[in-house]
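K.L.:
2 protein chains.
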Amino acid sequence: MVDLALLGTGGGMPMPSRFLSSLLINYSGRKILVDVGEGTQVSMRILGWGVKSVDVICITHGHGDHIVGLPGLLATIGNSGRVEPLTIIGPKGIEQIITGLRVIVPYLPYEIEIIEDPKETIDLFKNNPISIDTMELDHSAPCIGYNFYIKRNPKFDVEKAIKNNVPKHFWNLLQKGNVGEEEGNIYLPEMVMGEERNGIKISMITDTRPIEEIKKFVEDSTLFICEGTYGDEDDLPKAIKNKHMTFSEAAMLAKAGNAKELLLTHFSPAMIEPEIYVENARKVFYNTTIGYDRMIKSLAFE
Amino acid sequence: MVDLALLGTGGGMPMPSRFLSSLLINYSGRKILVDVGEGTQVSMRILGWGVKSVDVICITHGHGDHIVGLPGLLATIGNSGRVEPLTIIGPKGIEQIITGLRVIVPYLPYEIEIIEDPKETIDLFKNNPISIDTMELDHSAPCIGYNFYIKRNPKFDVEKAIKNNVPKHFWNLLQKGNVGEEEGNIYLPEMVMGEERNGIKISMITDTRPIEEIKKFVEDSTLFICEGTYGDEDDLPKAIKNKHMTFSEAAMLAKAGNAKELLLTHFSPAMIEPEIYVENARKVFYNTTIGYDRMIKSLAFE
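Right, dumping it as structure tokens:
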């Protein structure tokens, strides 16, 4: 199971009932954050999800509503006793932005590794691995979208182990990913493990216009989390001007990309009740949900 | 009347029921903020106090729990339509800190004037004037305390005007602070205005050890707002180590300074219910109140 929480679902400015953009992915005790808007720490505390195990922070772009909470969170993570390095991924210019913001938290008890504008897949964690891909979006600042692939380890296959003449005392070792050797024979994990199994793909796309490349990027996503800054179709001119999306535009991407589910977030502060516009998305892509602060979702492997 | 609101009363990290340090002073439609911790904007919005009329932001020091909310607030003020310049006052180094934080809000529709480490009284607003004094505190970063003097305009004095032979058609002009001239005679406001009247003095002291100089600085304050990071007397070693104060130390300053009222704020996140320690302050200085988020106080002129 992979657990997610929308820590904040607002765009622009924080509201009493809607903090600013942040998504938390929690898998096997390791946490990945996408964006750190104002209120992120408060939502984590309300949920009771500790900050010490935040290993990776992915920043979509350097606008305040996506990053203002970063220096405070880094300080709190420092106070939590973390000493292991922390990775921050972000678009072009992210290193300069972090350097600027760290003026108020110059000393931290852990190292920060910054990956700016990654062009290749980033593979995280040896056990329970997660891979991250990014794509360039179309916003008023350098902005990237994220895919998270949570791989599912293959099952132990007894028949295959017997067929490959693997001695029983090696089974456990190989199942854990190690290599065995005995009397000149080498035993590999793939000699006892079954077929690759489908993992989970989570896509996070905010802030952008609905460019063509997104369709391929979010293809077959288990969960496609997408900005829906404007619910009302009449706000399309605003969406175009401010380089955001309407609900129906997000839904068109979900449909074209054959996503399993669409979760909308990043609502304009002018939109008090995003729910009233949900049909604008559902008539294009039925399996659409309107996010809200501290909404939790658990995704199961197939 | 002067209205105040504690927008956040926490130190260290934001909590669900306690945002980080911020005080709002609202007088005659102009607003002064002291510190902008995370949650400041949300509290202002809950209170329904708009951001456009924030004219002055006083920063005590550059620690995250006092300044993280600044760039987001500056952006929201920009979106509110403000074009008038905004003044930021702070300790030594504040200009560099603001430059760093502004990496995420490089463009604002108004000018920011920064007054770093002021050594003289700052006089604000022509009508309904407020004066600001600062003092250097004893913390782990350059940190300053603030006094706000809200002057009370003298009353129009009919007898004095008659005694000084001021023609009636000049009374209104002089009352508004202007000078009149007729047939070689000069008429000044002080020829029609009564005695100076007592104003209101608000002192804000956070974060610091209780150094001797504070007593004189907060002398006769109408309201002395002071950090009380630790309520429990047993936490004195922590207060000394972290350069903060216990409730009783803050109360000793209030007593020595002959303040009228002490309002405690900036509570350690480890202290869930500051109220249970209030007697530690009251046995030293009786008129002590424990602050809480969005507590409003109105101070009347005598």
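So the protein lines, in turn, are chains A and B.
At position 293 of the first sequence the residue is numbered 293 (UniProt numbering), and the sequence of numbers has no breaks.
At position 178 of the second sequence the residue is numbered 178 (UniProt numbering), and the sequence of numbers has no breaks.
Note that CB positions come from ideal geometry on N, CA and C, so glycine has one too.
1. Kindly indicate which three-state DSSP category M44(A) falls into: helix, strand or coil?
2. Chain B beta carbons: is any one of them nearer than 9 Å to that of I104(A)?
3. Between H63(B) and chain A, is the shortest Cβ-Cβ distance under 9 Å, so that the two count as touching?
4. Rounded to whole angstroms, what's the CA-CA distance from R282(A) to L6(A)? Just pull it up for me.
5. With 9 Å as the threshold, decide whether the Cβ of A259(A) is near any Cβ in chain B.
6. If you draw a straight line from the C-alpha of L70(B) to the C-alpha of V36(B), how long is it?
7. Can you tell which of K238(B), I214(B), N280(B) and K201(B) has the C-alpha that lies nearest to the C-alpha of K260(B)?
8. Can you list the residues of chain A that Q175(B) reaches, using a CB-CB cut of under 8 Å?
9. With DSSP as the reference, label residue 319(A) as helix, strand or coil.
10. Would DSSP call L73(A) helix, strand or coil?
11. Residues in its own chain within less than 6 Å of T254(A) by CB, not counting five upstream and five downstream?
12. Taking a Cβ distance cut-off of 9 Å, strictly less, list which residues of the segment 4–26 of chain A are near chain B, in chain order.
13. If you run the structure through DSSP and keep just helix, strand and coil, what is N79(B)?
14. Am I right that G90(B) and P109(B) are in contact with their C-beta atoms under 8 Å? What's the rounded C-beta distance?
15. Could you tell me if H169(B) is buried or exposed, where buried requires 16 or more neighbouring beta carbons within 10 angstroms of its beta carbon?
16. Could you check whether the Cβ of I46(B) sits closer than 9 Å to any Cβ belonging to chain A?
17. Note down, in chain order, every chain B residue with its Cβ under 9 Å from the Cβ of A75(A).
18. Let me confirm a value: K31(B) is counted as buried when at least 16 other C-beta atoms fall within 10 Å, else exposed. Which label applies?
19. Taking C-alpha atoms, which residue in P85(A), V83(A) and V51(A) lies nearest to G72(A)?
20. Taking the alpha carbon of D3(B) as the reference point, which residue from S28(B), G12(B), S21(B) and P14(B) has its own alpha carbon closest?
21. Provide the residue span of the beta strand (DSSP E) that contains K297(B), from first to last.
22. From the beta carbon of I97(B), is the nearest beta carbon of chain A less than 9 Å away?
23. With 8 Å as the C-beta to C-beta threshold (strictly closer), list the residues of the segment 269–299 of chain B near chain A in chain order.
24. Should the segment 149–166 of chain A be regarded as contacting the segment 110–117 of chain A, the criterion being three or more beta carbon pairs within less than 8 Å?
25. By a C-beta neighbour count over all protein chains shown, 10 Å radius and 16 as the cutoff for buried, is V83(A) buried or exposed?
26. By Cβ distance below 6 Å, which residues in the same chain neighbour I211(A) in space, the five residues on each side in sequence not counted?
27. Sorted by chain position, which residues of the same chain lie with C-beta nearer than 7 Å to T229(A)'s C-beta, five sequence neighbours on each side aside?
28. Only counting the same chain, and skipping five residues up and downstream in sequence, which positions put a Cβ closer than 8 Å to that of L23(A)?
29. In terms of DSSP beta bridges, what is F224(A) paired with?
30. Can you tell me whether DSSP reads V105(B) as helix, strand or coil?
31. Flag this pair as yes or no: are the beta carbons of V103(B) and Q96(A) separated by less than 9 Å?
32. Of all the residues that make up the segment 30–41 of chain B, which are near chain A by a beta-carbon distance shorter than 8 Å?
33. By the 8 Å beta-carbon criterion, what residues does the segment 179–192 of chain A contribute toward chain B?
34. Going along the chain, which residues of its own chain have a beta-carbon closer than 7 Å to the beta-carbon of E196(B), five neighbours each way excluded?
35. Taking 9 Å as the CB-CB cut-off, is N79(B) touching chain A?
36. Taking the alpha-carbon of C143(A) as reference, which of L86(A), H61(A) and E279(A) has the nearest alpha-carbon?
P.N.:
Put simply:
1. For the purposes of this step, residue 44(A) is taken as the residue at position 44 of the first sequence. Residue state, collapsed to three classes: helix.
2. Counted from its first residue, the first sequence places residue 104(A) at position 104. So, interface residue.
3. Against the second sequence, residue 63(B) aligns to sequence position 63. Yes, H63(B) counts as interfacial toward chain A.
4. On the first sequence, position 282 is the one that residue 282(A) refers to. On the first sequence, position 6 is the one that residue 6(A) refers to. R282(A) and L6(A) have their C-alpha atoms spaced approximately 20 Å apart.
5. Position 259 of the first sequence, counting from 1, holds the residue named residue 259(A). No, its Cβ sits nowhere closer than 9 Å to a Cβ of chain B.
6. Locating residue 70(B) in the second sequence gives position 70, where the first residue counts as 1. Locating residue 36(B) in the second sequence gives position 36, where the first residue counts as 1. Counting only the Cα atoms, V36(B) lies some 5 Å from L70(B).
7. Here residue 260(B) is taken as the residue at index 260 of the second sequence, counted from 1. Out of K238(B), I214(B), N280(B) and K201(B), K201(B) has the C-alpha closest to the C-alpha of K260(B).
8. Taking the second sequence and counting its residues from 1, one reaches residue 175(B) at position 175. Under the 8 Å cutoff, chain A gives no residues; its nearest Cβ is about 42 Å from Q175(B).
9. Shown here, chain A extends from 1 to 302; a query on residue 319(A) therefore has no answer.
10. For the purposes of this step, residue 73(A) is identified with residue 73 of the first sequence, where counting begins at 1. In the structure shown, the three-state DSSP call for L73(A) is helix.
11. Sequence index remark: in the first sequence, residue 254(A) carries index 254 (1-based). Reading the sequence as shown, one finds Ala at residue 254(A) and not Thr. Excluding positions up to five away in sequence, the list reads F224, L262 and F285.
12. So the close ones are G12, M13, P14, M15, P16, F19 and L20.
13. The residue given as residue 79(B) occupies position 79 in the second sequence. It is helical.
14. For the purposes of this step, residue 90(B) is taken as the residue at position 90 of the second sequence. For the purposes of this step, residue 109(B) is taken as the residue at position 109 of the second sequence. About 22 Å; that fails the 8 Å criterion.
15. As a working mapping, residue 169(B) is identified with position 169 in the second sequence. Looking at its Cβ environment, which holds fewer than 16 other Cβ atoms inside 10 Å, H169(B) is exposed.
16. Locating residue 46(B) in the second sequence gives position 46, where the first residue counts as 1. Yes, I46(B) lies at the interface with chain A (some Cβ there is under 9 Å from its Cβ).
17. Locating residue 75(A) in the first sequence gives position 75, counting from the first residue. Simply G12, M13, H63, G64, D65 and V68.
18. As a first step, residue 31(B) is located in the second sequence; it is residue number 31 there, counting from the start. Counting C-beta atoms within 10 angstroms of its own C-beta, K31(B) has 16 or more neighbours from the protein chains shown and is therefore classed as buried.
19. Within the first sequence, the letter at position 72 stands for residue 72(A). Between G72(A) and the set P85(A), V83(A) and V51(A), the nearest pair of CA atoms involves V51(A).
20. Position 3 of the second sequence, counted from the first residue, corresponds to residue 3(B). The option with the nearest alpha carbon to D3(B) is S28(B).
21. Start at 1 with the first residue of the second sequence, and residue 297(B) comes out as number 297. Here the beta strand (DSSP E) through K297(B) covers M295 to L299.
22. Position 97 of the second sequence, counting from 1, holds the residue named residue 97(B). Yes, I97(B) lies at the interface with chain A (some Cβ there is under 9 Å from its Cβ).
23. The segment 269–299 of chain B vs chain A, Cβ under 8 Å: nothing.
24. These segments do not touch.
25. By 1-based counting over the first sequence, the position of residue 83(A) is 83. So V83(A) counts as exposed.
26. Locating residue 211(A) in the first sequence gives position 211, where the first residue counts as 1. These residues qualify, in order along the chain: D138.
27. One-based indexing of the first sequence puts residue 229(A) at position 229. Its chain contains G11, A239, H244, M245, H266, F267 and S268 as the residues whose beta carbon lies nearer than 7 Å to that of T229(A), once the 5 sequence neighbours on both sides are disregarded; these appear in chain order.
28. As a first step, residue 23(A) is located in the first sequence; it is residue number 23 there, counting from the start. Non-local beta-carbon contacts of L23(A) in its own chain, meaning distances under 8 Å to residues more than five positions away in sequence, involve L4, A5, L6, L7, L33, V34, D35, M204, I225 and T265 in chain order.
29. The count along the first sequence starts at 1 and reaches residue 224(A) at position 224. Partner residues in the beta bridge of F224(A), as assigned by DSSP, are S203(A) and L262(A).
30. Counting from one through the second sequence, the residue named residue 105(B) turns up at place 105. V105(B) falls in the coil class under three-state DSSP.
31. Within the second sequence, numbered from 1, the residue matching residue 103(B) stands at position 103. Within the first sequence, numbered from 1, the residue matching residue 96(A) stands at position 96. Yes, the pair counts as a contact, with Cβ atoms nearer than the cut-off.
32. Under the 8 Å Cβ criterion, the segment 30–41 of chain B contributes E38, G39 and Q41.
33. Those residues of the segment 179–192 of chain A placed with their C-beta closer than 8 Å to a C-beta in chain B do not exist.
34. For the purposes of this step, residue 196(B) is taken as the residue at position 196 of the second sequence. For E196(B), where only same-chain residues beyond five positions count, the Cβ hits under 7 Å are P154.
35. The sequence position of residue 79(B) within the second sequence is 79, counting from 1. Interface residue, yes.
36. Translated into positions along the first sequence, residue 143(A) becomes position 143. Cα-wise, what sits closest to C143(A) is H61(A).
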